[in-house]
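Novice: Here's a structure for you.
In our numbering, the protein residues as written are 168 to 317.
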């Protein structure tokens, strides 16, 4: 559990990102491609535990990113959204602990993000981009997806 200076629990926990892969995926690593649309991710709801090489395709009209972060046990997407709106300190804690890929409109990332998924843990995919300085971040527009590792 991540705690802020005031010992407030946060919804995200540290995720071990093994590496960012080039074109070749090592043997024994599952390849999964996540497709971004404007304000939604397309991909699996669950995956087997173990190493997964995540690829990212942006099929949307605006740039997107895919941040991958592990949720603490019992955390929900609704809690993540509520805490993010209420606590700017929490927002800054997720970037160093998460892996991410970015892609402009119509682009497939050349590399893959290798993450070791742990059985029983839920992972959050989200896009934290904005269309302008004053617009809502994409994950508050629905661009978030949960994946459960089994």
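No residue lacks a Cβ here, since even glycine has one placed at the ideal position from N, Cα and C.
In this text the structure is predicted, and so the values were computed from the model without any measurement.
Three or more beta-carbon pairs under 8 Å between the segment 195-213 and the segment 242-251, yes or no?
Specialist: Counting Cβ pairs under 8 Å, fewer than three are found: no touch.
Novice: For the ligand SAH, any of its heavy atoms closer than 7 Å to the Cβ of residue 193?
Specialist: The model on display carries no ligand, and the ligand SAH is accordingly not part of it.
Novice: Please look up how many angstroms separate the CB atoms of residue 200 and residue 217, rounded, as I've assumed it's under 8 Å.
Specialist: With 8 Å as the limit, residue 200 and residue 217 do not qualify as a contact, their Cβ atoms being about 17 Å apart.
Novice: Report buried or exposed for residue 228, applying the criterion of at least 16 other Cβ atoms within 10 angstroms of its Cβ.
Specialist: By the 10 Å Cβ count, residue 228 comes out exposed.
Novice: If the criterion is Cβ atoms closer than 8 Å, does the pair residue 267 and residue 232 meet it?
Specialist: Yes.
Novice: Just tell me which of 306, 225, 314 has its CA closest to the CA of residue 275.
Specialist: Checked all of 306, 225, 314; the closest Cα to residue 275 is 225.
Novice: Just to confirm before moving on: does the CB-CB distance between residue 316 and residue 287 stay below 8 Å?
Specialist: Yes, Cβ-Cβ distance for residue 316 and residue 287 is below 8 Å.
Novice: Could you give the first and the last residue of the continuous beta strand (DSSP E) run that contains residue 207?
Specialist: Element bounds for residue 207: 207-209.
Novice: Rounded to the nearest angstrom, what separates residue 237 and residue 289 at their Cα positions?
Specialist: Each residue's Cα considered, the two are about 6 Å apart.
Novice: What does the alpha-carbon distance come out to for the pair residue 284 and residue 300?
Specialist: Roughly 34 Å separates the two Cα atoms.
Novice: Would DSSP call residue 296 helix, strand or coil?
Specialist: Three-state DSSP puts residue 296 in coil, outside helix and strand.
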